[in-house]
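Enquirer: With our numbering as the guide, the letters of the sequence shown map in order to residues 222 to 472. Don't be surprised by glycine CBs; every beta carbon is placed ideally from N, CA and C.
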Amino acid sequence: PYEVRAWFTLDRRPSSSSMFPGEGSSRFSWILGAGALLRLALIWWGSHQDANSSVKYTDVDYTVFTDAARCLLLPSSSDCSLATGPAAFPFLGDPYARDTYRYTPLLAIIASPNIFLFPAFAKVLFSLADLLLGILLYSLLRSRGSSSSTAAKYVGAIWVLNPIIANISTRGSAESLLGLVVVSVLVLAEARRWNWAAVGFGLAVHFKVFPIIYGSSLLAAISASEGRWISWRLVKFGLLSFGSFMLLNRS
222 PYEVRAWFTL
232 DRRPSSSSMF
242 PGEGSSRFSW
252 ILGAGALLRL
262 ALIWWGSHQD
272 ANSSVKYTDV
282 DYTVFTDAAR
292 CLLLPSSSDC
302 SLATGPAAFP
312 FLGDPYARDT
322 YRYTPLLAII
332 ASPNIFLFPA
342 FAKVLFSLAD
352 LLLGILLYSL
362 LRSRGSSSST
372 AAKYVGAIWV
382 LNPIIANIST
392 RGSAESLLGL
402 VVVSVLVLAE
412 ARRWNWAAVG
422 FGLAVHFKVF
432 PIIYGSSLLA
442 AISASEGRWI
452 SWRLVKFGLL
462 SFGSFMLLNR
472 S
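1. Does DSSP put G459 in a helix, in a strand, or in coil?
2. Among R260, G254, L461, H269, which one has its Cα closest to the Cα of I386?
3. Find out if the Cβ-Cβ distance for the pair G393, T279 is shorter than 8 Å.
4. Let me know the secondary structure DSSP gives L303 once reduced to three states.
5. Please identify the residue among L253, F310, A332 whose C-alpha is closest to the C-alpha of A289.
6. Out of curiosity, what's the CA-to-CA distance linking L407 and S297?
7. What is the DSSP secondary structure of G254, counted as helix, strand or coil?
8. Out of G421, W450, K374, L399, state which residue places its alpha-carbon closest to the alpha-carbon of L468.
9. For G377, which of helix, strand or coil comes out of DSSP?
10. In the DSSP output, which residue or residues are listed as bridge partners for G448?
11. Out of S367, G464, V376, which one is the CA nearest neighbour of D351?
12. Helix, strand or coil for G314 per DSSP?
13. State the start and end residues of the unbroken alpha helix (DSSP H) segment that holds V430.
14. Based on Cα-Cα distance, which residue from Y317, L398, I336 lies nearest to V426?
15. Taking only the alpha-carbon atoms, compute the straight-line gap between W415 and Y324 and give it to the nearest angstrom.
16. Does the region 358-372 come close enough to the region 332-348 to have 3 or more Cβ pairs within less than 8 Å?
17. Can you name the start and end residues of the alpha helix (DSSP H) that D351 belongs to?
18. If the criterion is Cβ atoms closer than 8 Å, does the pair C292 and A262 meet it?
19. What is the rounded straight-line gap between the Cα of L424 and the Cα of E396?
20. Hey, out of K429, L354, R363, whose CA is closest to L328's CA?
21. Hey, quick one: how far does the alpha helix (DSSP H) through T287 stretch, first residue to last?
22. Of all the options Y283, D300, H269, which has the alpha carbon lying nearest to the alpha carbon of F474?
Listed below in structure tokens is the structure:
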């Protein structure tokens, strides 16, 4: 038939060598441990700098997330109000009552433990997403034939131990969550689990609109795997991804 080149290759299925760390991958386990320590150290330093310097380490958007979470949980707080709409719960507040909050309400829910556990909870969660994303990247490289040492070296240098990447998540940016969803869609697509990939793609576009640019590549990859441009699998992918997106938007 024909070949469609997408942003990933679908003619390689994961093999037994593409499993997550554990089988002869002690180097990558050490890299993950070092990456976790690096992020914990930066979160600690951030708290110290925020408390003792006029130049704050924490991203201003993190304060917006936290304020939105406070409005969600404590609608009687100053400048907050009860949520309205068909999916609103009578006891929850409106995160959009916080000026400049322009994100999905899921992010306010994710940041809620900042209010009742500890203020850096979401930073820890974003850092964990960073590390999970590194595991997925390692798995992808192994599934494409890279040795465990080569995969560990590249993922460690480019992602897990990259100080710029660690700085972004530990300052309180939620980009690592979106990155985790997008790469998860890639992993699911490579495994030809198209239904779950569609749901994840809808979530990614709901979270931030720009992942929609990957839609054409996903559709092209489905067409390549089916051997024709139009198929039920392609239509089903579109319906599921659109349904996931709209369901989340309605909430």
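Expert: In brief:
1. Here residue 459 corresponds to residue number 238 of the sequence shown, with the count starting at 1. Of the three classes helix, strand and coil, the one that applies to G459 here is helix, per DSSP.
2. As a position in the sequence shown, residue 386 is number 165, starting the count at 1. For I386, the nearest C-alpha among the options comes from R260.
3. Here residue 393 refers to the residue found at position 172 of the sequence shown. Here residue 279 refers to the residue found at position 58 of the sequence shown. Going by C-beta atoms, G393 is nearer than 8 Å to T279.
4. Working through the sequence shown from its first residue, we reach residue 303 at position 82. If DSSP states are grouped into helix, strand and coil, L303 belongs with the strands.
5. Position 68 of the sequence shown, counted from the start, is the residue given in the question as residue 289. Of L253, F310, A332, the residue nearest in Cα terms is A332.
6. In the sequence shown, residue 407 corresponds to position 186, counting from 1. In the sequence shown, residue 297 corresponds to position 76, counting from 1. For L407 and S297, the distance between alpha carbons rounds to 42 Å.
7. The residue you call residue 254 lines up with position 33 of the sequence shown. G254: helix per DSSP, three-state reduction.
8. Within the sequence shown, residue 468 is the residue found at index 247, counting from 1. Looking at the Cα atoms, G421 is the closest of the given residues.
9. Position 156 of the sequence shown, counted from the start, is the residue given in the question as residue 377. Looking at G377 - three-state DSSP - the assignment turns out to be helix.
10. Within the sequence shown, residue 448 is the residue found at index 227, counting from 1. Beta-bridge pairing links G448 to no other residue.
11. In the sequence shown, the residue the question calls residue 351 occupies position 130. D351 has its Cα closest to that of V376, out of S367, G464, V376.
12. Residue mapping note: residue 314 aligns to position 93 of the sequence shown, counting from 1. G314 falls in the strand class under three-state DSSP.
13. The sequence position of residue 430 within the sequence shown is 209, counting from 1. That residue, V430, is in no alpha helix (DSSP H); it is neither H nor E in DSSP.
14. Position 205 of the sequence shown, counted from the start, is the residue given in the question as residue 426. For V426, the nearest C-alpha among the options comes from L398.
15. Taking the first residue of the sequence shown as 1, we reach residue 415 at position 194. Taking the first residue of the sequence shown as 1, we reach residue 324 at position 103. About 27 Å.
16. no
17. For the purposes of this step, residue 351 is taken as residue 130 along the sequence shown, with counting starting at 1. Residues 342-364.
18. Position 71 of the sequence shown, counted from the first residue, corresponds to residue 292. Position 41 of the sequence shown, counted from the first residue, corresponds to residue 262. Not a contact, by the Cβ cut-off of 8 Å.
19. Reading the sequence shown from its first residue, position 203 is the one you call residue 424. Reading the sequence shown from its first residue, position 175 is the one you call residue 396. Going by the C-alpha atoms only, they are around 14 Å apart.
20. Sequence index remark: in the sequence shown, residue 328 carries index 107 (1-based). For L328, the nearest C-alpha among the options comes from K429.
21. On the sequence shown, position 66 is the one that residue 287 refers to. Unbroken alpha helix (DSSP H) run through T287: 281-294.
22. This structure leaves residue 474 out entirely; the chain is present only between 222 and 472.
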